[in-house]
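Participant: When you line the sequence shown up against mature numbering (1 follows the signal peptide of the UniProt record, and there is no 0), it's residues -27 to -1, 1 to 188, in that order.
A single structure is presented below for examination.
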Amino acid sequence: MARKCNMALIVAAVVAVAATLLYPLTAQPTAAPTPSAAASGGVPQTYTVGDYSGWIIPRPGEDSLYQTWVANKTFKVGDSLVFNFTTGRHNVAEVSRSSFNSCSTTAAANTTGPVTIRIRTTGEHYYICTVGPHCSLGQKLAINVSGEAAGPAATPPSAASSPPPPSVAATPVSGPDVVPSGQSPAAQPSTAAPSAALAALPVTLFSVALLALLH
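This is how it looks when you write it as structure tokens:
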């Protein structure tokens, strides 16, 4: 009797190990997660120079108004600057560094406000008001442009814009090796029979062990 109990324990252990080893073979594969789309880069931004203050002569004690406004911003090619000012009182001209420092230029100025200027190149850009002493009083702006803002996503061409692919008449083929059009034979392996056989193996082993104990 003790011998039969020991054999039963051994056979049960063998069946458990076999089931554990065969489980990965019979388990259904899980689909890989679809990678999420990467966040698009920064799109072109529109900056209102001076924010609510607009494009003005800084008040006494606020000579660094526009330097402070620029301090926490990153400008890129494609961004736009909006200069809000009253037509006839101010203007805005893009000038060289030397003209910015001297507040004198012969460059043409935009005189009708508001003015929107799109940034087209990297590097340093300088803007001043050429009306009277406004530039000397602090109505001047210097920015540094680095990199390029990502443009809007391109629109894929419509289906009507491309000619349809030539149609190919399908030739009916009979037999067990027929593969649907557009799929390779390796794309649809038949795993039903092996999986069923492997899944039934632990039960078969258990039945054999039980018969051995009964005899």
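Every residue, glycine too, gets a C-beta built ideally from N, C-alpha and C.
Going by C-alpha to C-alpha distance, which of 48, 38, 26 sits closest to residue 93?
Facilitator: Reading the sequence shown from its first residue, position 120 is the one you call residue 93. Minimum Cα distance to residue 93 is reached at 48.
Participant: Determine whether the beta carbon atoms of residue 53 and residue 90 lie at a separation below 8 angstroms.
Facilitator: Translated into the one-based positions of the sequence shown, residue 53 becomes position 80. Translated into the one-based positions of the sequence shown, residue 90 becomes position 117. Cβ distance < 8 angstroms, so residue 53 and residue 90 count as in contact.
Participant: How about residue 87 and residue 56: do their beta carbons lie closer than 8 angstroms?
Facilitator: Here residue 87 corresponds to residue number 114 of the sequence shown, with the count starting at 1. Here residue 56 corresponds to residue number 83 of the sequence shown, with the count starting at 1. In contact: residue 87 and residue 56 (Cβ atoms closer than 8 angstroms).
Participant: Just reading off the beta strand (DSSP E) that residue 21 is part of, what are its end residues?
Facilitator: For the purposes of this step, residue 21 is identified with residue 48 of the sequence shown, where counting begins at 1. It spans 19 to 21 - the beta strand (DSSP E) in which residue 21 sits, taken as one unbroken run.
Participant: State the start and end residues of the unbroken beta strand (DSSP E) segment that holds residue 54.
Facilitator: Indexing the sequence shown from 1 puts residue 54 at position 81. Per DSSP, residue 54 belongs to the beta strand (DSSP E) from 53 to 56.
Participant: Quick one: Cα of residue 9 to Cα of residue 15, how far?
Facilitator: Residue mapping note: residue 9 aligns to position 36 of the sequence shown, counting from 1. Residue mapping note: residue 15 aligns to position 42 of the sequence shown, counting from 1. Note that residue 9 has pLDDT 38, beneath the 50 cutoff, so the model's placement of it is unreliable and the number below is only indicative. Approximately 18 angstroms between the Cα atoms of the pair.
Participant: Who are residue 66's beta bridge partners in DSSP?
Facilitator: In the sequence shown, counting from the first residue as 1, residue 66 sits at position 93. Answer by DSSP bridge pairing, in chain order: 101.
Participant: Excluding the 5 residues preceding and the 5 following residue 108 in the sequence, name in chain order all residues of the same chain whose CB lies nearer than 6 angstroms to its CB.
Facilitator: As a working mapping, residue 108 is identified with position 135 in the sequence shown. For residue 108, where only same-chain residues beyond five positions count, the Cβ hits under 6 angstroms are 76, 101, 102.
Participant: If I'm right that residue 97 touches residue 62 with Cβ under 8 angstroms, what's the distance once you round it to whole angstroms?
Facilitator: On the sequence shown, position 124 is the one that residue 97 refers to. On the sequence shown, position 89 is the one that residue 62 refers to. About 27 angstroms separates the two Cβ atoms, so there is no contact after all.
Participant: Helix, strand or coil: how does DSSP classify residue 41 here?
Facilitator: Locating residue 41 in the sequence shown gives position 68, counting from the first residue. Helix.
Participant: Between the stretch 29 to 49 and the stretch 78 to 87, can you find at least three pairs of beta-carbon atoms closer than 8 angstroms?
Facilitator: With a cut-off of 8 angstroms, the stretch 29 to 49 and the stretch 78 to 87 do not count as touching, because too few Cβ pairs lie within range.
Participant: Would you grab the beta carbon distance between residue 121 and residue 27 for me? Rounded to a whole angstrom, and I think it's under 8 angstroms.
Facilitator: On the sequence shown, residue 121 is found 148 positions in, with the first residue counted as 1. On the sequence shown, residue 27 is found 54 positions in, with the first residue counted as 1. About 28 angstroms; that fails the 8 angstroms criterion.
Participant: Quick one: grab the DSSP three-state call for residue 72.
Facilitator: Residue mapping note: residue 72 aligns to position 99 of the sequence shown, counting from 1. Residue 72: helix per DSSP, three-state reduction.
Participant: Please name the residue in 85, 72, 95 whose C-alpha comes closest to that of residue 113.
Facilitator: Here the question's residue 113 lines up with position 140 in the sequence shown. Among 85, 72, 95, the Cα nearest to that of residue 113 belongs to 72.
Participant: Give a yes or no on whether the C-beta atoms belonging to residue 84 and residue 60 are separated by under 8 angstroms.
Facilitator: Position 111 of the sequence shown, counted from the start, is the residue given in the question as residue 84. Position 87 of the sequence shown, counted from the start, is the residue given in the question as residue 60. Yes, they are a contact pair.
Participant: For residue 105 versus residue 38, is the C-beta spacing smaller than 8 angstroms?
Facilitator: By one-based count along the sequence shown, residue 105 stands at place 132. By one-based count along the sequence shown, residue 38 stands at place 65. Going by C-beta atoms, residue 105 is not nearer than 8 angstroms to residue 38.
Participant: With a threshold of 8 angstroms on Cβ separation, who are the neighbours of residue 118 within its own chain once the five nearest residues in sequence on each side are excluded?
Facilitator: The sequence position of residue 118 within the sequence shown is 145, counting from 1. Only 48, 49, 50, 52, 92, 94, 95, 96, 97, 98 meet the Cβ criterion.
Participant: Can you tell me whether residue 146 is helix, strand or coil according to DSSP?
Facilitator: Within the sequence shown, the letter at position 173 stands for residue 146. Its pLDDT being 46, under 50, residue 146 is placed unreliably in this model, and the coordinates cannot settle the point.
Participant: Let me know if residue 66 comes out buried or exposed under the rule of 16 or more other beta-carbons within 10 Å of its beta-carbon.
Facilitator: The residue given as residue 66 occupies position 93 in the sequence shown. It is buried - the Cβ of residue 66 has at least 16 other Cβ atoms within 10 Å.
Participant: Secondary structure at residue 26, three-state DSSP: helix, strand or coil?
Facilitator: Translated into the one-based positions of the sequence shown, residue 26 becomes position 53. Three-state result, residue 26: helix.
Participant: Might you give, ordered along the chain, the residues of its own chain that have their beta carbon closer than 8 angstroms to the beta carbon of residue 164, omitting 5 neighbours on each side?
Facilitator: Your numbering for residue 164 matches position 191 in the sequence shown. The predicted position of residue 164 is uncertain, since its pLDDT is 46 and thus under 50; no value can be drawn from it.
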